[in-house]
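**Student:** Just passing along the structure, written as structure tokens.
Protein chains: 2
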Amino acid sequence: MVPNQAHSRYHHGDLRNALIQAATTVLVEKGAAALSLREVARVAGVSHAAPYRHFRDKAALLRVLAQGGFERLTAALNRAAENSPHNPEQKLIEAGVAYVRIVVQHPEITRLMFAGTVEPQQDPAYLAATAACYEALLDIIRQGIAQGTFRQRPPQQLVLVAWASMHGLAMLAVARLLEVDVDDELTLDVLIRSVAANVIYGIVK
Amino acid sequence: MVPNQAHSRYHHGDLRNALIQAATTVLVEKGAAALSLREVARVAGVSHAAPYRHFRDKAALLRVLAQGGFERLTAALNRAAENSPHNPEQKLIEAGVAYVRIVVQHPEITRLMFAGTVEPQQDPAYLAATAACYEALLDIIRQGIAQGTFRQRPPQQLVLVAWASMHGLAMLAVARLLEVDVDDELTLDVLIRSVAANVIYGIVK
DNA sequence: ACCTGAACACCGTTCAAGT
DNA sequence: ACCTGAACACCGTTCAAGT
């Protein structure tokens, strides 16, 4: 069932994925302001009306990009947790470092993921992707509670502090409200670890 | 030097502020997607080219709205700190509640403030507004350190944890990634206080 | 089943011309 | 000094028509 060559000039074959690829390229290289559906179509080498056979509208394409961002984030969190020692504190810190790094390395995708313009409500695949990200953090917290390292609280309560603090740090960095150079990984690392440590051990002495 | 009536049909008098007002109305009532410079001009009752006498481009107008958001946020933080008891822990919690509430109550302005599309770098007034917001939080932290309630750490280190966690919680709420109804103030309050308490006392028991 | 080209109603921005 | 109207080069979306 491979698309035959007679078709392949006119019928693209896998235009859907080509459009996702093109949109990502445009977004990363030229920014969100330059990301028009017409430009994406141009980069993919099709007419400006062609994308409408594969996405209901522009928002639907953007939602796919955002979903990809959540999947990448979840993968990074799980990788960080696996590669850390058994100690749940260390696991949480490394997950935090991974979280902030990924967010900061892909600011344009981050904006799509967290700007709130993408309405997750009706798309089950999208919801699953965001839930998986939350679960990755929850696993670490649950383990810390089970081992007696973390406070005996509902895990949803503790995971929210961890998520909120890492997410906030990342968003402040992306918005350039920290005096840190976002591309200076070493300094950013120190900052992340400092925030993570304070979250874990508390501000009060 | 009041603008005389002969002028006032053609020469608006205070178009700059009228445009800011119109833009705010459009943003709040119809959302960021509907916020075009032409629509703003329409609402203000002038031609679509008139705004260019008062703002270099669309981004300049949006930056003014974002700056207003920071000023309102700073005012709310200072008010919360003043109205709280002498106890720095309580002050910090109330400031957190105020922060998240303001952010959540004005999601569209929040997006402008923190999306990172507005480049603060070159605008001194804008930078001053963001710095004042940071200072409001820093004051509370400094006081807590001075009184011996908070850990003896550089205040910039502690303020970052507090800011990041409150900011993160607010941004997750705005992005509708929490299962909470953002308009349910009571539930949101419980959440904020839970996060604040965990930040202050730590995740580790 | 998938893609194109013309068409429609929008944008942001500029610039000569009006008051 | 401030505002308008026409103009230009863009958008997102739709739809009849092509392959």
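Residue numbers (the numbering used here), protein chains in the order written: chain A, 47 to 251; chain B, 47 to 251. The C-beta atom is built at its ideal place from N, Cα and C for all residues, glycine as well. Note that the structure is a prediction, hence the values are computed from the model and not measured.
#1: Tell me which residue opens and which closes the alpha helix (DSSP H) that Gln67(A) is part of.
#2: Alpha carbon to alpha carbon, what distance is there between Gln67(B) and Arg84(B)?
#3: Per DSSP, Phe196(B) is paired with what?
#4: Under DSSP, the alpha helix (DSSP H) around Asn129(A) begins and ends at which residues?
#5: Where Gln113(A) and Val149(B) are concerned, what is the direct C-alpha to C-alpha distance, given to the nearest angstrom?
#6: Considering only residues of the same chain and omitting the five flanking positions on each side of Leu73(A), which have a CB-CB separation below 6 Å?
#7: For chain B, check one thing: does any of its Cβ atoms lie closer than 8 Å to the Cβ of Val220(A)?
#8: What residue range does the alpha helix (DSSP H) around Ile86(B) cover?
#9: Given a threshold of 16 other Cβ atoms within 10 Å of its Cβ, counted over all protein chains shown, does Asn63(A) qualify as buried or as exposed?
#10: If we ignore side chains and look at the alpha-carbon of each, how far apart do Leu111(A) and Tyr172(B) end up?
#11: Taking Phe116(A) and Thr176(A) to be in contact with their CB atoms under 8 Å, please state how far apart those CB atoms are, rounded to whole angstroms.
#12: What would DSSP say about Arg222(A), mapped onto helix, strand or coil?
#13: Please report the straight-line C-alpha distance between Gly142(A) and Gly214(A), rounded to a whole angstrom.
#14: What do you get for Val236(A), buried or exposed, if any count of 16 or more other CB atoms within 10 angstroms of its CB means buried?
#15: Tell me which residues share the same chain as Ile187(A) and place their Cβ nearer than 7 Å to its Cβ, disregarding the 5 neighbours each side in the sequence.
#16: Contact defined as beta carbons within less than 8 Å: I believe Pro134(A) pairs with Gln198(A). What is the distance between those atoms, to the nearest angstrom?
#17: Starting from Thr156(A), follow the alpha helix (DSSP H) in both directions and report where the run begins and ends.
#18: Given a limit of 8 Å on CB to CB distance, which residues of the region 152–164 of chain B reach chain A?
#19: Around the C-beta of Asn129(B), are 16 or more other C-beta atoms found within 10 angstroms, so that it is buried, or is it exposed?
#20: Where Asp103(A) and Val250(A) are concerned, what is the direct C-alpha to C-alpha distance, given to the nearest angstrom?
#21: Between Glu75(B), Leu232(B), Leu107(B), which has its C-alpha nearest Met159(B)'s C-alpha?
#22: Should Val236(B) be flagged as near chain A, meaning a C-beta pair shorter than 8 Å?
#23: Measure from the alpha carbon of Cys179(B) to the alpha carbon of each residue in Leu223(A), Ser240(A), Thr233(A), Gly91(A), then state which is nearest.
#24: Measuring alpha carbon to alpha carbon, tell me which residue in Met217(A), Val220(A), Thr233(A), Ala121(A) is nearest Glu181(A).
#25: Could you tell me whether any Cβ in chain A is nearer than 8 Å to the Cβ of His132(B)?
#26: Can you give me the Cβ contacts of Val89(A) inside the same chain, cut-off strictly under 7 Å, excluding the 5 residues immediately before and after it?
#27: State buried or exposed for Tyr145(B), treating a residue as buried only when at least 16 other CB atoms are found within 10 Å of its CB.
#28: Taking Cβ-Cβ distances shorter than 8 Å, what residues in chain A pair up with Thr176(B)?
#29: Please identify, using Cβ separations under 8 Å, the residues of the region 237–248 of chain A that lie next to chain B, in order along the chain.
#30: Identify which residue in Val226(B), Ala79(B), His132(B) has its Cα closest to the Cα of Gln189(B).
#31: Mind listing the chain A neighbours of Ala80(B)? Cutoff is C-beta to C-beta under 8 Å, in chain order.
#32: Have a look at Glu75(A), Pro97(A), Gly59(A) and flag the residue whose alpha-carbon is nearest the alpha-carbon of Leu65(A).
#33: Under a CB-based cut-off of 8 Å, is Asn50(A) close to chain B?
#34: Buried or exposed for Arg109(A), please, with buried defined as at least 16 other CB atoms from any protein chain shown within 10 angstroms of its CB.
#35: Alpha carbon to alpha carbon, what distance is there between Val92(A) and Asp229(B)?
**Tutor:** The structure says:
#1: 61–76
#2: 14 Å
#3: Val250(A)
#4: That residue, Asn129(A), is in no alpha helix (DSSP H); it is neither H nor E in DSSP.
#5: 25 Å
#6: Leu81, Glu154
#7: yes
#8: What sits at residue 86(B) in the sequence shown is Val, not Ile. Element bounds for Val86(B): 83–90.
#9: exposed
#10: 31 Å
#11: 5 Å
#12: coil
#13: 11 Å
#14: exposed
#15: Phe196, Pro201, Leu204, Val205, Ala208
#16: In fact, because the Cβ distance is near 14 Å, the residues do not count as touching under 8 Å.
#17: 153–160
#18: Pro153, Arg157, Met159, Phe160, Ala161, Gly162, Thr163
#19: exposed
#20: 50 Å
#21: Leu107(B)
#22: no
#23: Leu223(A)
#24: Ala121(A)
#25: no
#26: Ala68, Thr71, Val72
#27: buried
#28: Leu223
#29: Leu237, Ser240, Val241, Asn244, Val245, Ile246, Tyr247, Gly248
#30: His132(B)
#31: Near Ala80(B) there are no residues of chain A at all, since even the closest Cβ is about 12 Å away, more than 8 Å.
#32: Pro97(A)
#33: Any reading at Asn50(A) is ruled out, since the residue's pLDDT is 41, under 50, leaving its predicted position unreliable.
#34: buried
#35: 44 Å
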